[in-house]
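Trainee: Before we start, here is the structure in question, set down as structure tokens.
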Amino acid sequence: MSVVTELEEQRVLALSAIEAAEDLSALDGVRVAYLGKKGSLTGVLRGLGSLSADERPAAGKAANEVRVAIEAALEARHAVLAASALEARVASEAVDVTLPGRSRPVGSRHLINRLTSEICEIFLGLGYRIAEGPEVELDYYNFTALNTPADHPARSLADTFYVRDLSGDEADVAGESDVLLRTQTSPVQIRTMEKNEPPIYILSPGRVYRRDIADPSHLPQFTQVEGLVVDEGITFADLKGTLEHFAREVFGPDRKTRFRPHFFPFTEPSAEVDVSCGICGGEGCRFCKGTGWIEILGCGMVDPNVFGYVGIDPERYTGFAFGMGVERIACLKYNVPDLRMLVDGDMRFLRQF
Ligand SMILES: [Zn+2]
1 MSVVTELEEQ
11 RVLALSAIEA
21 AEDLSALDGV
31 RVAYLGKKGS
41 LTGVLRGLGS
51 LSADERPAAG
61 KAANEVRVAI
71 EAALEARHAV
81 LAASALEARV
91 ASEAVDVTLP
101 GRSRPVGSRH
111 LINRLTSEIC
121 EIFLGLGYRI
131 AEGPEVELDY
141 YNFTALNTPA
151 DHPARSLADT
161 FYVRDLSGDE
171 ADVAGESDVL
181 LRTQTSPVQI
191 RTMEKNEPPI
201 YILSPGRVYR
211 RDIADPSHLP
221 QFTQVEGLVV
231 DEGITFADLK
241 GTLEHFAREV
251 FGPDRKTRFR
261 PHFFPFTEPS
271 AEVDVSCGIC
281 GGEGCRFCKG
291 TGWIEILGCG
301 MVDPNVFGYV
311 GIDPERYTGF
321 AFGMGVERIA
331 CLKYNVPDLR
341 MLVDGDMRFL
351 RQF
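In this note's numbering, the protein residues as written are 1 to 353.
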């Protein structure tokens with residue numbers, strides 16, 4: 001094979017390899033294979049020196065043309081591949097600033113949970129401590145030790161959830177069980193007085209259960225906060241001052257309070273506390289049923305009979321207790337017309353607080 005033919009063959013092979021190179025590194029491989037130190041075209045060029053003087057000029061000219069053609073093809077292909085590589089990179093790294101961001105919603109405490117804490121903070125600031133007790137409670141603590149007579153209506157099946165033990169042979173008959181879902185947090189008072197000597201200053205927040213159908217002013221499960229103070233020389237004036245302070249803290253300094261005589265089995269005397277209506281300012285409106293006042297809690301001086309159950313000397317100690325429904329306080333504080341809205345879980349409503 002003549003050198004010129006060999007060069008021509010190299011040119012055809014090189015140009016087709018260049019055209020076939022799909023990326024820059026493949027193209028560089030082609031360049032090395034033909035023009036590198038050990039490249040095939042380089043090998044042919046080295047052989048030119050051994051040609052006769054007749055052959056050399058034509059072969060040298062042909063060799064130069066082939067080298068120039070291959071270099072030009074490499075350069076052209078390099079430009080094409082570099083442009084498409086850049087394009088691919090730009091496409092892969094592009095950020096679409098019009099896409100909506102990934103939202104990570106921030107959670108928050110439920111209104112009732114937060115308000116319960118706020119109420120607790122008010123009393124913690126007065127030196128009370130938090131006491132807790134079981135939600136599944138004995139009849140003794142929920143009723144008997146709280147001076148509730150055996151025939152009191154609150155004990156009836158219509159008002160209280162009793163827990164039946166179905167594991168034994170003689171399953172408790174409904175209404176004869178002595179285990180129930182507590183209807184108030186007051187049993188915590190009894191449990192605390194059993195275990196602690198006065199002075200006692202406690203607040204017991206927690207869930208309670210009553211057999212009510214949910215309606216605007218009743219829930220079968222709600223949150224109660226109760227307070228109990230037992231110490232020497234505690235009078236109704238202490239109770240009044242404490243609750244007036246509480247009402248100012250929760251409802252603001254502009255709301256007035258009043259105490260109305262009432263009856264509870266475990267306190268004597270007992271009272272209900274009203275605050276002036278936040279809607280009409282005491283003038284009378286639909287919200288306060290025209291009275292200008294709204295009831296917020298029940299309270300009273302601890303009945304000496306209750307002290308008898310827990311072994312506290314009623315001659316030496318006196319005390320007071322109070323209890324309130326947190327859901328009710330929330331409705332009054334934020335003018336929510338229906339208790340059920342607090343537990344429906346509608347975020348559009350709950351996010352307002
Ligand atoms: Zn009113």
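Virtual Cβ for every residue (Gly too), placed ideally from N, Cα, C.
#1: Would you mind stating whether Pro205 and Val225 have Cβ atoms separated by less than 8 angstroms?
#2: Flag this pair as yes or no: are the beta carbons of Thr267 and Met301 separated by less than 8 angstroms?
#3: Would Arg11 and Ala69 qualify as a contact pair, given that the criterion is a beta-carbon distance under 8 angstroms?
#4: In its own chain, which residues sit with a C-beta less than 6 angstroms from the C-beta of Val343, not counting the 5 before and 5 after it?
#5: Using the Cβ count rule (16 or more neighbours within 10 Å means buried), how would you classify Asn113?
#6: Please state the DSSP three-state secondary structure of Ala174.
#7: For the beta strand (DSSP E) that Pro269 lies in, which residues bound it at each end?
#8: To the nearest angstrom, report how far apart Glu272 and Glu295 are at their CA atoms.
#9: Between the alpha carbons of Glu19 and Leu74, how many angstroms are there, rounded?
#10: Leaving out five residues on either side along the sequence, give the residues of the same chain with a beta carbon under 8 angstroms from the beta carbon of Phe236.
#11: Look at the Cβ atom of Lys333, then the Cβ atom of Val208, and state whether they are nearer than 8 angstroms.
#12: Is there at least one non-hydrogen atom of ligand 1 closer than 7 angstroms to the beta-carbon of Cys277?
#13: Just to confirm my understanding: we take Asp172, look at its own chain, exclude 5 residues before and 5 after, and list those with CB closer than 7 angstroms. What are they?
#14: How about Phe287: is its Cβ closer than 7 angstroms to a heavy atom in ligand 1?
Mentor: In terms of the structure at hand:
#1: If you number the sequence shown from 1, residue 205 lands on position 205. If you number the sequence shown from 1, residue 225 lands on position 225. Taking 8 angstroms as the Cβ cut-off, Pro205 and Val225 qualify as a contacting pair.
#2: Residue mapping note: residue 267 aligns to position 267 of the sequence shown, counting from 1. Residue mapping note: residue 301 aligns to position 301 of the sequence shown, counting from 1. Cβ distance < 8 angstroms, so Thr267 and Met301 count as in contact.
#3: Locating residue 11 in the sequence shown gives position 11, counting from the first residue. Locating residue 69 in the sequence shown gives position 69, counting from the first residue. Contact: yes.
#4: Counting from one through the sequence shown, the residue named residue 343 turns up at place 343. Contacts found: none.
#5: Indexing the sequence shown from 1 puts residue 113 at position 113. With fewer than 16 other Cβ atoms within 10 Å, it is exposed.
#6: Stepping through the sequence shown from its first residue, residue 174 is reached at position 174. Confidence is the limiting factor: at Ala174 the pLDDT is only 46, short of 50, which leaves the residue's position unreliable and the question unanswerable from this model.
#7: If you number the sequence shown from 1, residue 269 lands on position 269. Per DSSP, Pro269 belongs to the beta strand (DSSP E) from 267-276.
#8: Within the sequence shown, numbered from 1, the residue matching residue 272 stands at position 272. Within the sequence shown, numbered from 1, the residue matching residue 295 stands at position 295. Each residue's Cα considered, the two are about 7 angstroms apart.
#9: Position 19 of the sequence shown, counted from the start, is the residue given in the question as residue 19. Position 74 of the sequence shown, counted from the start, is the residue given in the question as residue 74. Using only the alpha carbons, I get a separation of about 9 angstroms.
#10: Within the sequence shown, numbered from 1, the residue matching residue 236 stands at position 236. Pro269, Met301, Phe320.
#11: Against the sequence shown, residue 333 aligns to sequence position 333. Against the sequence shown, residue 208 aligns to sequence position 208. Taking 8 angstroms as the Cβ cut-off, Lys333 and Val208 do not qualify as a contacting pair.
#12: Your numbering for residue 277 matches position 277 in the sequence shown. Because some heavy atom of ligand 1 lies under 7 angstroms away, the Cβ of Cys277 counts as near it: yes.
#13: Residue 172 sits at position 172 when you count from the first residue of the sequence shown. Low per-residue confidence applies at Asp172: pLDDT is 49, beneath 50, and the placement is therefore not dependable enough to give any value.
#14: The count along the sequence shown starts at 1 and reaches residue 287 at position 287. Correct: Phe287 has its Cβ closer than 7 angstroms to ligand 1.
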